[in-house]
Amino acid sequence: MTSTFAAEFTMTIDGLPVAGTSWIDVTNPADETVLAQAPDCSPEQLEAAVAAARTAFPAWSATEYTERQKVLHEMADAIEADIEPLRRLLAREAGKTLDDARGEILGLAYWLRGISELRLPETVNEDSPERRSVTRHAPLGVVGAIVPWNYPLGQIGFKLAPALLAGNTVVLKPSPFTPLATLRLGELLRGVVPPGVVNVVSGGDSLGPWMTSHPGIDKISFTGSTVTGRKVMAGAAGSLKRVTLELGGNDPAIVLADIDVPTVAEKLFWGAFGHNGQVCLAAKRVYIHSDVYEPLKRALAAHAATVRTGNGVTEDVRLGPLQNRAQYERVLDLIRDCEDHGYPVLTGGLPADGKGYFVRPTIIDNPPEHARIVREEQFGPVLPLMRFDDIEDAITRANAGDFGLGASVWSADTDAALAVARRLEAGTVWINEIQHLTPQVTFGGLKASGIGSENGIEGLLAFTAPQTITVTPGRP
Numbered sequence: 005m006t007s008t009f010a011a012e013f014t015m016t017i018d019g020l021p022v023a024g025t026s027w028i029d030v031t032n033p034a035d036e037t038v039l040a041q042a043p044d045c046s047p048e049q050l051e052a053a054v055a056a057a058r059t060a061f062p063a064w065s066a067t068e069y070t071e072r073q074k075v076l077h078e079m080a081d082a083i084e085a086d087i088e089p090l091r092r093l094l095a096r097e098a099g100k101t102l103d104d105a106r107g108e109i110l111g112l113a114y115w116l117r118g119i120s121e122l123r124l125p126e127t128v129n130e131d132s133p134e135r136r137s138v139t140r141h142a143p144l145g146v147v148g149a150i151v152p153w154n155y156p157l158g159q160i161g162f163k164l165a166p167a168l169l170a171g172n173t174v175v176l177k178p179s180p181f182t183p184l185a186t187l188r189l190g191e192l193l194r195g196v197v198p199p200g201v202v203n204v205v206s207g208g209d210s211l212g213p214w215m216t217s218h219p220g221i222d223k224i225s226f227t228g229s230t231v232t233g234r235k236v237m238a239g240a241a242g243s244l245k246r247v248t249l250e251l252g253g254n255d256p257a258i259v260l261a262d263i264d265v266p267t268v269a270e271k272l273f274w275g276a277f278g279h280n281g282q283v284c285l286a287a288k289r290v291y292i293h294s295d296v297y298e299p300l301k302r303a304l305a306a307h308a309a310t311v312r313t314g315n316g317v318t319e320d321v322r323l324g325p326l327q328n329r330a331q332y333e334r335v336l337d338l339i340r341d342c343e344d345h346g347y348p349v350l351t352g353g354l355p356a357d358g359k360g361y362f363v364r365p366t367i368i369d370n371p372p373e374h375a376r377i378v379r380e381e382q383f384g385p386v387l388p389l390m391r392f393d394d395i396e397d398a399i400t401r402a403n404a405g406d407f408g409l410g411a412s413v414w415s416a417d418t419d420a421a422l423a424v425a426r427r428l429e430a431g432t433v434w435i436n437e438i439q440h441l442t443p444q445v446t447f448g449g450l451k452a453s454g455i456g457s458e459n460g461i462e463g464l465l466a467f468t469a470p471q472t473i474t475v476t477p478g479r480p
C-alpha cells in the first residue's frame, strides 16, 4: 500500500537498526490514508531487545550519577536539534497541530533535563560505635515502558528519564497507532546512549502482553486505559514484577459562584478541549454554581464557535482529528446517546460524513448524573455541564465513580477553593488552573486511575528498590 513517508522505519535494538519481519500500517487520522508502515516486532526480536538491555545494565547502573545526568541532557539536545522533521511526523500520525506537536517535543526535552536534576536520597539510619546503617536506592534492572497514543513522545519523558537516571535500562514500546515518532527517537538516541541502554520496539496488540509477562523485564511503567491497565497488572503478576500504572480519569471541575466568567471560560474550554479532550487530565465533567451557570455555558459555547477544527498541519487550525477510528466511534456513540435521550446540545454534535476523524467541540447542557456522558470517560471533545446549588452536593457528585486522577476548583476565594479541593478524591487538584505538571512534582491517581507515582522524587524512587547496608566494625 502506498504511504506518505518513503523511508523505512526501523526499531532500535542494542544500538542498531532492526527492520521488521512483518509490518503494521500507520494511518493518518486527518484523511485515513496510510502514512507509513512500522515494524511488527516478533517474539525473537523482543527477546533480543530484552537481552541487550540486560547485558547493558551492569555497566550503565555502575556509571557515575553525574554521567547519567549528562546523558539525559545530551538526549534533550539531540531531540531539539531534530525538532522540525520530528514535529511534522508527530503531527501527522497523532492528529496534532504543528504547534502542539512542537510543544510536546520540547516538553520531552524539558522533562529529560528537569528529571536529571533530581537526586536519589540516602538515609543514615544509625551511626554509632556499634554499627552504621544506611538505606540507599538501587536500580531495578530492565524497565518495560509502554506509552499511549495521545502523547507518544510527551509520555516518554515520564518513564525514560527517571528509569535511566536511576540506573535502569529500558525497552520502550509505543502504541501501534502512533509508533513513528518514537521509532525516529530511537534512531536519534543511537549515538547518544550506550548500546542496549535504550531499545525501541514497535508492534501490534500482542507485543504489550509479551512484555508484561516477560521474566527478563523487572518493571512495567504503563500509561493507558483502566481496562488495559488491569491486563498489564495481571500479566506482571506471574513474575511479580513491579508496576506503575497511570490509567483513566473522569476529572471533575467545580466552578463556584464568584468567578470572572470570561477568564474562567477560556481556561476551562482549553482544559476540556485541548487536543480534542484526548488528555488523561482534561476536565471531563463541569459542575457550575447556578448563579453563573447560564453566563458560563454561553461563554463556553461562544468560545467553541471561534475554534477551527481541521487537519493539524493547516494554518489557523486549533484542533485536529481524533487519533484513531476506535476512539472516533466511541465519541460518536456518546454523542448519539445524548441526542437519543434528548439532552440539549449547545454546540457541536455529530459530524457530517467525510474523510478523517473530525468532531467539533460539543457541549451538553445539564444532563442527569446517570447519563453515560457523565459517568464514562469520553476522552474526546464532548463536555457535559451540570448545575449545582449546594457545594456539598457538588462534592458528592464530583467524587462519585471509580476514577480519581485529577480535578480542579475555580473561585476568586482561594480559601473556599482550598476547602473544596481537600475533599476531592483525586491525586492532583488544581485551583484556578488545570493540567499544570512539572518534572519536580509528583503525579498519580487514586482508585481505578492507577497505582504508583510519576515525576518528582516519588516517581524517581519508583524505578528503584531500597537497599539497607549495615556495617559493624570488624574485629582486629
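So for the sequence shown, this note's numbering puts the first residue at 5; every next one is plus one. Every residue, glycine too, gets a C-beta built ideally from N, C-alpha and C. On a predicted model such as this, the values are computed, not experimentally measured, just so you know.
Alpha carbon of Ala-423 to alpha carbon of Ser-415, nearest angstrom: 11 Å
Where in the stretch 236 to 296 do unbroken runs of the beta strand (DSSP E), each at least 3 residues long, occur, reported from the N-terminal end onward? 246 to 250, 256 to 259 and 289 to 293
Segment limits, beta strand (DSSP E) that includes Thr-127: 127 to 131
Tell me whether the stretch 249 to 269 and the stretch 442 to 452 touch, counting them as touching only if at least three CB pairs, one residue from each stretch, are closer than 8 Å. yes
Taking the continuous alpha helix (DSSP H) assigned at Gln-471, which residues delimit it? Premise fails: Gln-471 lies in the beta strand (DSSP E), 468 to 475, not in any alpha helix (DSSP H).
Which same chain residues, not among the five before or five after Met-390, have their C-beta less than 8 Å away from its C-beta? Arg-289, Val-290, Tyr-291, Ile-292, Asn-370, Pro-371, Glu-373, Val-378 and Arg-401
What's the C-alpha gap between Glu-71 and Ile-455? 31 Å
If you draw a straight line from the C-alpha of Arg-234 to the C-alpha of Asp-393, how long is it? 37 Å
Tell me which residue opens and which closes the alpha helix (DSSP H) that Arg-322 is part of. Where Arg-322 is concerned, there is no enclosing alpha helix (DSSP H), given that its DSSP letter is neither H nor E.
Taking the continuous beta strand (DSSP E) assigned at Phe-392, which residues delimit it? 386 to 392
Which term fits Asn-254, buried or exposed, when burial requires 16 or more other beta carbons within 10 angstroms of its beta carbon? buried
Which residue comes first and which comes last in the beta strand (DSSP E) that contains Lys-223? 223 to 227
Per DSSP, what kind of secondary structure is Ala-10 in: helix, strand or coil? With a pLDDT of 49 at Ala-10, under the threshold of 50, the predicted position of this residue should be treated as unreliable, though the coordinate-derived value follows. Looking at Ala-10 - three-state DSSP - the assignment turns out to be coil, as it is neither helix nor strand.
Of the choices Gly-24, Arg-135 and Val-30, whose alpha-carbon is the least far from that of Ser-46? Gly-24
Please report the residue range of the beta strand (DSSP E) in which Lys-177 lies. 173 to 177
Secondary structure of His-496, DSSP reduced to three states: This structure gives no information on residue 496, because the portion of the chain shown stretches from 5 to 480.
If Pro-166 sits next to Leu-464, beta carbons under 8 Å apart, how far is it from one beta carbon to the other, in whole angstroms? 5 Å
Output yes or no for whether 8 Å exceeds the beta carbon distance between Leu-409 and Val-363. no
In three-state terms, what does DSSP make of Met-5? Caution is warranted here: a pLDDT of 44 is assigned to Met-5, below 50, making its placement in the model unreliable, and the coordinate value is therefore given only provisionally. Met-5: coil per DSSP, three-state reduction.
Using only the heavy atoms of the ligand FAD, determine whether one of them is closer than 7 Å to the beta carbon of Arg-322. Among the ligands in the structure shown, none appear at all, so the ligand FAD cannot be discussed.
8 Å contact criterion, which Ile-109 and Leu-157 should meet: CB distance rounded: 6 Å
Assigned secondary structure, Gly-77 (DSSP; H/G/I helix, E/B strand, else coil): Note that residue 77 is His in the sequence shown here, rather than Gly. In this structure, His-77 counts as helix in the three-state DSSP scheme.
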